[in-house]
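**Q** Let me give you the structure first, and then I'll get to my questions.
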Ligand code: 13P
Ligand code: SF4
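In the numbering used here, the protein residues as written are 10 to 358.
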């Protein structure tokens, strides 16, 4: 784990990180992408970090892959590519950089390393985990196989490399229904998200059996929360992520991956929308869609929020926190992830 005092000492010695009106004035083009949600006083603090990270990326031939749940100063300020889990996994295979900084959680960095073993993959904070990834081990997959002999195992990308290696194929929230549909046989094992599995089960003819994991962010939303918003504003469009419970999803006007949510909002431009997902999602699209008013029931992912400008700059500076995946595990996990990517590309997802 990074020592916070050491991080600050090293950065203060090597970079000029003092707020400066001149610097703020010279970085207006970047600030404009987030000025509806980031106050000028905060931007004055962020700007020197953003500048230092942009310069260091060039020096290291590095790219930053930013998940849709990153805070706006990371999402708009320093990310080279942004997107949902599927898009970031695909991007990891395409980028020509020597170094990938994963502005997201650990399973995403592992996926990048699995797909690009020759690249250096850096995690700003190694403790940026995920309640879903922590809910199952490779032994859990074997338990499910013993219970449902012959049924294929579809594991969400929100899993460790060992779990991916023990599975037949991966899926993300953007392709889960299509991946399950494409499996042979009548029964499909889905791990580790019980709610994603139940939401998929409603949309496929396969029998879906599942592991009892859940996302600590999305499981907090209740139908009562949604009813309260609708009572207050019957016209509000409710947009949910499929990690929410089936009851919440049934109440929503649209359900999709984080990029699916963005596309839906861009295409439909509702006057008011409630995003039933992680807080930063609405912040990151607010400037692009000034006519949409976002209700923000704010459930924050404590893992995603471990990533900061400060630890991004530190790992790029020191090249610490390199993500490694044992070769044999990586080989097997790559098969599961590549099967998903190939199928997704074939289906035009
Ligand atoms: P997406 O694949 O939709 O980006 O979701 C990842 C995630 O962790 C959501 O909680
Ligand atoms: Fe994991 Fe949920 Fe956080 Fe996504 S929002 S990383 S599923 S804990």
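We put the beta carbon where it would ideally sit given N, CA and C, even for glycine.
Is any heavy atom in the ligand 13P found nearer than 7 Å to the beta carbon of residue 94?
**A** Flag set: Cβ of residue 94 near the ligand 13P.
**Q** Using the beta-carbon count (16 or more within 10 Å), is residue 307 buried or exposed?
**A** Exposed, because fewer than 16 other Cβ atoms sit within 10 Å of the Cβ of residue 307.
**Q** Residue 110 to residue 293, Cα distance in whole Å?
**A** If I take the Cα positions, the gap works out to 19 Å.
**Q** For a test of the three-state rule: what should DSSP assign to residue 330, helix, strand or coil?
**A** Of the three classes helix, strand and coil, the one that applies to residue 330 here is coil, per DSSP.
**Q** Taking three-plus beta-carbon pairs below 8 Å as touching, is the region 323-334 in contact with the region 119-134?
**A** As far as the Cβ criterion goes, the region 323-334 touches the region 119-134, which means the pair count is three or higher.
**Q** Based on the DSSP secondary-structure assignment, which residues constitute the bridge partners of residue 129?
**A** Per DSSP, 108.
**Q** Determine the burial state of residue 142: buried for a count of at least 16 other Cβ atoms within 10 Å of its Cβ, exposed for fewer.
**A** Looking at its Cβ environment, which holds 16 or more other Cβ atoms inside 10 Å, residue 142 is buried.
**Q** Using 10 angstroms around the beta-carbon of residue 80, count the other beta-carbons present and answer buried if the total reaches 16, otherwise exposed.
**A** Buried, by the Cβ-count rule.
**Q** Could you give the residue range of the beta strand (DSSP E) that holds residue 91?
**A** Here the beta strand (DSSP E) through residue 91 covers 90-92.
**Q** Can you tell me whether DSSP reads residue 78 as helix, strand or coil?
**A** Coil, per DSSP.
**Q** Counting pairs of beta carbons, one from the region 297-312 and one from the region 218-231, are three or more of them closer than 8 Å?
**A** In short, these stretches touch, since the Cβ pair count reaches three.
**Q** What runs of the beta strand (DSSP E), each 3 residues or longer, lie entirely inside the region 242-317?
**A** As far as the region 242-317 is concerned, its whole beta strand (DSSP E) runs of at least 3 residues are 246-249, 281-285 and 302-304.
**Q** Whose CA, out of 194, 56, 115 and 43, lies closest to the CA of residue 140?
**A** Nearest option by C-alpha distance: 115.
**Q** Apply the 10 Å Cβ neighbour rule to residue 375 and answer buried if 16 or more other Cβ atoms are within range, or exposed otherwise.
**A** Because the chain is modelled from 10 through 358, residue 375 falls outside the range shown and cannot be assessed.
**Q** Would you check whether the ligand SF4 has a heavy atom nearer than 7 Å to the C-beta of residue 141?
**A** Residue 141: yes, Cβ under 7 Å from the ligand SF4.
**Q** Classify residue 38: buried if its beta carbon has 16 or more other beta carbons within 10 angstroms, exposed otherwise.
**A** Exposed: under 16 other Cβ atoms inside 10 Å.
**Q** For residue 218, which beta-bridge partners are listed by DSSP?
**A** Answer is 198.
**Q** For the region 118-192, which segments carrying the beta strand (DSSP E) assignment without a break, of at least 3 residues, lie completely within its bounds, in sequence order?
**A** Runs found: 129-131, 162-165 and 178-180.
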